[in-house]
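Enquirer: Okay, handing you the structure first.
Protein chains in written order, with the working numbering: chain A, 2 to 109; chain B, 8 to 135; chain C, 477 to 613.
Given below as structure tokens:
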């Protein structure tokens, strides 16, 4: 079971719902392995508690692991204390490790 | 056994006049020609690539006329004729006011909820 | 058992246009630092990343001369990645899509890059342990 790595570089203020929908439906299927949504660049913006964070929280409830690139967060002055609890700040190494692990990787 | 590859094409009409084609469809053709086992899923605005009768002809810049405008519907049809399975997301087509009769023959309709099953068939999924 | 993997990346964005370029290079840098082999296929605007004639500039708005500004040119980042790979004993294969190079007139590229075609990308995909395509928008 290879699982999926979905890298989201665009923020959901611009309309990323189809990629989030994909993450949700892949997680529901479960038999293909775990699904991780890795937020980078402007993709981290909704991780700072705001109205758009609800989409991320809902994804986490649906079984999607949500990680956010520490550098992208710092670049945008999003302190860890401002993150919704469902998002974990990590080094970009985590995305690389998932690639090395063999996750099917899609970039949006 | 070659790896089974799915190209999800979302970006549409990006530099298609300058390039005289869609560079991701072109890339898919080239990979197929090199022996790839590749399929295509059109989503978002790219579902419009399957619409019959797209016409980008007639442009000129000063005296420089474009003699080979893109023919995206033909490029999609050619993929299908080369044995590349082409799908499109039904809901995206519907959202854009498209009916099956607007489209060229060949591409297969796929509902969004069928996506996990489709992706599971492939070793690699490239999202363009 | 060796933990060394072969990862393939496809980049599409031209220099100075998108954050994706930086993230892509960060991933490649990390992969090389961890000792993995990497193949990069540059498609479309990304072929200009390695263009040898990029030049740094001063920044009057920031009040910095050329030296102070230390403006990064992607070609230097790529040259540094080539050097890093050699130091780590990793293989970095940097392939420029030939037709994309021709239409953009960026044939002069830094050392360590080669001209190729989609067939070369396919070869890399078939041999790599995993592949990530970073598309343009």
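Glycine included, each C-beta is placed from N, C-alpha and C at the ideal position.
Grab the span of the alpha helix (DSSP H) containing residue 91 of chain A for me, first residue to last.
Expert: Element bounds for residue 91 of chain A: not the alpha helix (DSSP H) but the beta strand (DSSP E), 88-91.
Enquirer: Whether or not the stretch 69-81 of chain A and the stretch 10-17 of chain B are in contact is what I'm after, with contact meaning three or more pairs of Cβ atoms, one per stretch, closer than 8 Å; do they touch?
Expert: They do not touch, by the three-pair rule.
Enquirer: So, at 6 Å on beta carbons, what are the nonlocal neighbours of residue 65 of chain A in its own chain, with the 5 sequence-adjacent residues on each side left out?
Expert: Result list for residue 65 of chain A: 24, 28, 36 and 38, in chain order.
Enquirer: Based on Cα-Cα distance, which residue from C:553, C:554 and C:574 lies nearest to residue 595 of chain C?
Expert: Checked all of C:553, C:554 and C:574; the closest Cα to residue 595 of chain C is C:574.
Enquirer: Whose C-alpha, out of B:32, B:67, B:36 and B:125, is nearest the C-alpha of residue 56 of chain B?
Expert: Ranking B:32, B:67, B:36 and B:125 by Cα distance to residue 56 of chain B puts B:32 first.
Enquirer: Under 7 Å Cβ to Cβ from residue 11 of chain A, same chain only, skipping five residues before and after it: list those, please.
Expert: If we look at residue 11 of chain A and ignore the five residues flanking it on each side, its Cβ neighbours are 17, 43, 44 and 109.
Enquirer: For residue 26 of chain A, decide whether its Cβ has a neighbour in chain B, counting only Cβ atoms nearer than 8 Å.
Expert: Closer than 8 Å to some Cβ of chain B, the Cβ of residue 26 of chain A qualifies, so yes.
Enquirer: Return the residue from the list C:499, C:579 and C:609 that minimises the CA-CA distance to residue 440 of chain C.
Expert: A question about residue 440 of chain C goes unanswered here, because the residues of chain C that appear run from 477 up to 613.
Enquirer: Relative to the C-alpha of residue 99 of chain A, which residue among C:608, C:520, C:599 and C:490 is closest?
Expert: Among C:608, C:520, C:599 and C:490, the Cα nearest to that of residue 99 of chain A is on C:608.
Enquirer: Run through DSSP, which three-state label would residue 117 of chain A get?
Expert: This structure cannot settle anything about residue 117 of chain A, because the visible part of chain A is limited to 2 through 109.
Enquirer: Quick one: is residue 83 of chain A buried, meaning 16 or more other Cβ sit within 10 Å of its Cβ, or exposed?
Expert: Flag for residue 83 of chain A reads exposed.
Enquirer: Answer yes or no: does any C-beta atom of chain C fall closer than 8 Å to that of residue 100 of chain A?
Expert: It does; some Cβ of chain C falls within 8 Å.
Enquirer: Give, in chain order, every residue of the stretch 538-570 of chain C whose Cβ lies closer than 8 Å to some Cβ of chain A.
Expert: Here the close residues number zero.
Enquirer: Can you round the beta-carbon distance between residue 66 of chain B and residue 75 of chain B to whole angstroms, since I take them to be within the 8 Å contact cut?
Expert: So it is not a contact: roughly 11 Å between Cβ atoms.
Enquirer: Identify the residues that DSSP records as bridge partners of residue 131 of chain B: which are they?
Expert: In DSSP, residue 131 of chain B forms a bridge with B:12.
Enquirer: With 9 Å as the limit, tell me which residues of the stretch 54-82 of chain B have their beta carbon closer than that to any beta carbon of chain A; keep them in chain order.
Expert: Within the stretch 54-82 of chain B, no residue qualifies.
Enquirer: Determine the extent of the alpha helix (DSSP H) in which residue 23 of chain B is found, giving its start and end residues.
Expert: First-last of the alpha helix (DSSP H) with residue 23 of chain B: 23-26.
Enquirer: In the structure shown, what three-state DSSP assignment does residue 573 of chain C receive?
Expert: Strand.
Enquirer: Could you check which residue in C:565, C:569, C:612 and C:538 has the C-alpha nearest to that of residue 134 of chain B?
Expert: Closest by alpha carbon: C:612.
Enquirer: Going along chain C, which residues have a C-beta under 7 Å from residue 131 of chain B?
Expert: Near residue 131 of chain B (Cβ distances below 7 Å), the residues of chain C are 601 and 607.
Enquirer: Using a Cβ-Cβ distance cut-off of 8 Å, determine whether residue 120 of chain B contacts chain A.
Expert: So yes, residue 120 of chain B belongs to the interface.
Enquirer: Would you call the CB atoms of residue 583 of chain C and residue 577 of chain C closer than 8 Å?
Expert: Result yes, Cβ atoms of residue 583 of chain C and residue 577 of chain C sit closer than 8 Å.
Enquirer: Compare the beta carbon distance of residue 17 of chain B and residue 50 of chain B with 8 Å and say whether it is the shorter of the two.
Expert: Cβ distance < 8 Å, so residue 17 of chain B and residue 50 of chain B count as in contact.
Enquirer: Which one of A:50, A:58, A:101 and A:49 has the shortest CA to CA distance from residue 512 of chain C?
Expert: Here the closest residue by C-alpha is A:101.
Enquirer: Give a yes or no on whether 8 Å exceeds the smallest Cβ distance from residue 595 of chain C to chain B.
Expert: Closer than 8 Å: yes.
Enquirer: What is the rounded straight-line gap between the Cα of residue 29 of chain B and the Cα of residue 19 of chain B?
Expert: If I take the Cα positions, the gap works out to 8 Å.
Enquirer: Is the shortest distance between the beta-carbon of residue 100 of chain B and the beta-carbons of chain A less than 8 Å?
Expert: So, not an interface residue.
Enquirer: Leaving out five residues before and five after residue 95 of chain A in sequence, what residues of the same chain have Cβ atoms less than 8 Å from its Cβ?
Expert: Closer than 8 Å at the Cβ level, and outside the excluded window around residue 95 of chain A, lie 39 and 68.
Enquirer: Could you pull out every residue in the same chain whose Cβ sits closer than 6 Å to the Cβ of residue 487 of chain C, ignoring the five residues on either side in sequence?
Expert: For residue 487 of chain C, where only same-chain residues beyond five positions count, the Cβ hits under 6 Å are 500, 518, 522 and 610.
Enquirer: If residue 84 of chain B sits next to residue 113 of chain B, beta carbons under 8 Å apart, how far is it from one beta carbon to the other, in whole angstroms?
Expert: 6 Å between Cβ atoms; contact.
Enquirer: For residue 44 of chain B, which residues does DSSP report across the bridge?
Expert: DSSP output for residue 44 of chain B lists B:11 as bridge partner(s).
Enquirer: May I ask whether a heavy atom of the ligand MG can be found less than 7 Å away from the beta carbon of residue 490 of chain C?
Expert: For the structure depicted, the ligand MG is absent and the ligand set is empty, with no information on it obtainable.
Enquirer: For residue 33 of chain A, go through chain B and note every residue whose CB falls closer than 9 Å to its CB, in chain order.
Expert: Those are 123, 126 and 127, listed as they occur along chain B.
Enquirer: Quick check on residue 630 of chain C - is its C-beta less than 8 Å from some C-beta in chain B?
Expert: Shown here, chain C extends from 477 to 613; a query on residue 630 of chain C therefore has no answer.
Enquirer: Check the C-beta distance from residue 491 of chain C over to residue 524 of chain C and give it rounded, since I have them as a contact under 8 Å.
Expert: Residue 491 of chain C to residue 524 of chain C, Cβ: 6 Å. Contact.
Enquirer: Just verifying my parser: in three-state terms, what is the DSSP assignment at residue 85 of chain A?
Expert: Reduced to three states, the DSSP call for residue 85 of chain A is coil.
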